[in-house]
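The structure appears below as structure tokens.
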Amino acid sequence: MMCRVLSPSAIVLRFYPFCMNGNTCRGITKFPVLSNVENQRCIDINTNEVISTRMAQSHAASAVSETLNRDDTLPLMESTSAEVMSETFEIPSKFLRPTIEDRAPLSFDQIPGPMIMKLWEKYWKYVPIFGTQLFSSLLNNRFSQGRLSWNRNITPVKYLFNRYGCIVRLSGPLSGDIVMIHRPEHIEEVFKQEGNTPIRSGIDVLEHYRLHYRKYRLAGAFSMQSSEWLELKEKVHKPFNKIDPKFFRKLEIVSEDFIGQIRKIRNRQDEVPNNFNEDIARWGSECFFTLIFDKKLGFLDSTGQNPTSEPAIFIDALTTAHKYLSRCETGFQVWRFFDTPFSKRLFSACDVIDGIIGKYIRQAQNMFRTRSPLSCSEETSSVLEKLLLAQRLHPDDVSTLLMDMAILGVQAMTSCEAFLLYFLAKSPRVQKKLYEEIVSVIPNAESSITETNLQDMPYLKACLKESLRLRPAFPYITRLLPNSICLHGYTVPKGTFVIMASQITSQREENFEDPEKFRPERWLTNRMDDDFQEYSYLPFGHGARSCLGRHMAEIKMALLTAKLVREFKIEYNYADIGTSFYMMNVPDKPLRFRFIDRD
35 MMCRVLSPSA IVLRFYPFCM NGNTCRGITK FPVLSNVENQ RCIDINTNEV
85 ISTRMAQSHA ASAVSETLNR DDTLPLMEST SAEVMSETFE IPSKFLRPTI
135 EDRAPLSFDQ IPGPMIMKLW EKYWKYVPIF GTQLFSSLLN NRFSQGRLSW
185 NRNITPVKYL FNRYGCIVRL SGPLSGDIVM IHRPEHIEEV FKQEGNTPIR
235 SGIDVLEHYR LHYRKYRLAG AFSMQSSEWL ELKEKVHKPF NKIDPKFFRK
285 LEIVSEDFIG QIRKIRNRQD EVPNNFNEDI ARWGSECFFT LIFDKKLGFL
335 DSTGQNPTSE PAIFIDALTT AHKYLSRCET GFQVWRFFDT PFSKRLFSAC
385 DVIDGIIGKY IRQAQNMFRT RSPLSCSEET SSVLEKLLLA QRLHPDDVST
435 LLMDMAILGV QAMTSCEAFL LYFLAKSPRV QKKLYEEIVS VIPNAESSIT
485 ETNLQDMPYL KACLKESLRL RPAFPYITRL LPNSICLHGY TVPKGTFVIM
535 ASQITSQREE NFEDPEKFRP ERWLTNRMDD DFQEYSYLPF GHGARSCLGR
585 HMAEIKMALL TAKLVREFKI EYNYADIGTS FYMMNVPDKP LRFRFIDRD
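Heads up: the sequence shown begins at 35 in the working numbering, then just goes up one per residue.
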């Protein structure tokens, strides 16, 4: 057999962790291109003789003859059939961890990053009022200038990674320095250091509102750190991670009310109006009050649409708070010194939300005082009752916790549900397969769905996971390093603020095949057991600071999706929906879905 010997100068190899699937070899990013002169440099050798891969690293021609007879060598043959490849390469079943040479790590100052940030660093000490949410409008504008609007999917963060590599340093006012990473192995290393009491960035403006404006005891669950957070998590973990059958049925009724709302608002072409996202927010808010307070406020009723009704006032305050929370947090924090138009509107909206939540907390307290302790049971108690009576949380702490859940949790869940419906509408094949699974578990459309039924729908769960991979609620995870570590050959000192771009991680080719495609089937294979897979998909965070309401959010989204797909064929016939970042990912276009009744 003819085997081509390449000169060392003609070979350019980049060694990365790679994976082979069938005839596809991923991880080799550049192949040699031979000139006419190189094409003539061929010799005949016996196929039993092999050429060492070390030849690719040699710069001396004499090394070729020394490597021909080595045992630990690899044949370079013209044929690349599947049979030859299987004999030539040992095909790994999962991603391989990269090996790093034993060398001294580079200094922290050598981590690459934009020069303009280093120039700004000297002036930031005179303007120390920056939000802890790094990605302010200033950074966004700086790295978006000169780019066409249709190419805005290249976000400022993705631009930084493409420009400077997998680890980027930004010199900033928060803890002195900020490091951004996206590789799963680097994220894993950061999480190994966090222990039981990790520290992440808080929401400064909400801290200011509660500690200085309202004079509360604590800044809220989202801003708690260390032992305070650990104590709160231990108390709320059980109430938040179990939905009793009584409340599951009530959540199903809310989903049925939402289906009725769709039938009322769609036009003759079965299309819902441009503000359909508000209806999804009403569904999320009704689920929130049903599960927490065991109350149905009527967000989806005709009376709840009246602008003067309590549900309408709550939805308006929730929308306003979400809007101005982002504007206050992602810019200069002038509101620390005096009220600004944005902070006034935010605080006013927070007052409304806090007032409504506080009202129902006080009503529950009065009811608990008059009720016999024997009438209380684990199965019939609301989440609020469990927090106040079983866990003995202070009412003010419960109020701030529920307010965080309303402003951040409800908005995040409704946005995630909107993206899931969008992906199903754009993928008829997936939607059909999901419908068939739902019908196989629930043959009768009038039958109730139980939590056990949802567990028997693996494809539904895969659709939810795939949607969260593409559009997680929060695209970044933040941590403050408690110890010095080595990342990618660089020393990152203790106290450095690390931003893990988890959304970028889940959308890179080296972590997921065809990462931009909506393919739920990828979650039904054994490949999901790869070493780094746990850190390639982190829509709810990880470790001790993972999302408190994850279980409740997944149950509510899965239940509503199953009911909608069982009832309607969902279509979307307009421009692709992207994301806008307002403290979380939200759809950037109206949700003009068509909900067509199934026969």
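Ideal Cβ placement from N, Cα and C applies to all residues, glycine included.
Practice task
Consult DSSP for V306 and reduce its assignment to one of helix, strand or coil.
Solution key: coil
Practice task
Quick one: measure Cβ to Cβ for F322 and A440, integer angstroms, because I've assumed they're closer than 8 Å.
Solution key: 6 Å
Practice task
Assign N619 to one of three DSSP states: helix, strand, or coil.
Solution key: strand
Problem - Close Cβ partners of I476 (< 8 Å) along its chain, the five nearest in sequence each way excluded - result: I483, N487, A596, R600
Practice task
Indicate the three-state DSSP secondary structure (helix, strand or coil) for I533 in the structure shown.
Solution key: strand
Problem - D431: first and last residue of the uninterrupted alpha helix (DSSP H) it sits in - result: 429 to 438
Exercise for the section: Can you grab the Cα-Cα spacing for the pair I347 / V386, in whole Å? Expected result: 8 Å
Exercise for the section: Return yes when the C-beta of M437 is under 7 Å from any heavy atom of the ligand GTP, and no when it is not. Expected result: Looking at this structure, you won't find the ligand GTP or any other ligand, since it has none at all.
Problem - Through-space distance from L423 to S178, alpha-carbon basis - result: Because the pLDDT at S178 is just 41, under 50, the model does not fix this residue reliably, and the point stays unresolved.
Problem - Buried versus exposed, by CB contacts within 10 Å (16 or more), F629 - result: buried
Handout entry: Any C-beta of chain D under 8 Å from that of F402
Key = Reference to chain D is not applicable here, since this structure consists of a single protein chain.
Handout entry: Straight-line gap, Q259 to I611 (C-alpha atoms, nearest Å)
Key = 36 Å
Problem - Simplified DSSP assignment, three categories, for I630 - result: strand
Exercise for the section: Answer with buried or exposed for E298, where buried requires no fewer than 16 other C-beta atoms within 10 angstroms of its C-beta. Expected result: Looking at the sequence shown, residue 298 is not Glu but Lys. By the neighbour-count rule (16 or more Cβ atoms within 10 Å), K298 is not buried but exposed.
Problem - C520: first and last residue of the uninterrupted alpha helix (DSSP H) it sits in - result: Unbroken run through C520 is the beta strand (DSSP E), 519 to 521; no alpha helix (DSSP H).
Handout entry: One or two residues paired with F274 in a DSSP bridge
Key = DSSP lists no partner for F274.
Practice task
Going by DSSP, name the residue or residues bridged to S614.
Solution key: V620
Handout entry: Span separating the alpha-carbon of E219 from that of S382
Key = 44 Å
Handout entry: For T353, the nearest candidate out of C384, G575, L458 (CA to CA)
Key = C384
Problem - Status (buried if at least 16 other CB within 10 Å, exposed otherwise) for F292 - result: buried
Practice task
Could you work out which residue in I349, P554, P527 is closest to R503 when comparing CA atoms only?
Solution key: P554
Handout entry: Simplified DSSP assignment, three categories, for S343
Key = coil
Exercise for the section: Could you give the DSSP three-state label for E419: helix, strand or coil? Expected result: helix
Problem - P516 beta carbon less than 8 Å from that of S536 - result: no
Practice task
Below 8 Å on the Cβ atoms is my guess for T434 versus Y250; work out the distance and round it to an integer in Å.
Solution key: 6 Å
Exercise for the section: Starting from the C-beta of A351, find all residues in its chain whose C-beta is less than 6 Å away, skip the five residues before and the five after it, and write them out in chain order. Expected result: A383, V386, I387
Problem - Residue environment, C497, which counts as buried when at least 16 other CB atoms sit within 10 Å - result: buried
Exercise for the section: Go through its chain and collect everything with a Cβ distance to M618's Cβ below 6 Å, but skip five positions before and after it. Expected result: A446, A507, F508
Handout entry: the stretch 234 to 245 / the stretch 257 to 272 touching (three or more Cβ pairs under 8 Å)
Key = yes
Handout entry: Same chain only: Cβ atoms within 7 Å of K467, ignoring 5 sequence neighbours per side
Key = Y493
Handout entry: Inter-stretch contact (C-beta, 8 Å, three-pair minimum) for the stretch 195 to 202 and the stretch 221 to 234
Key = no
Handout entry: Contact under 8 Å by Cβ, I145 with Y524
Key = yes
Problem - CB of L285 within 8 Å of CB of L598, strictly - result: no
Problem - Under 8 Å between C-beta atoms of V270 and L582 - result: yes
Practice task
Could you check what DSSP says for A95 in three-state terms: helix, strand or coil?
Solution key: For A95, the predicted structure reports a pLDDT of 38, less than 50, and the residue's modelled location is therefore unreliable. A value from the coordinates is still provided. Of the three classes helix, strand and coil, the one that applies to A95 here is coil, per DSSP.
Problem - Member of L454, S580, E605, R513 whose CA lies at the smallest distance from the CA of P621 - result: L454
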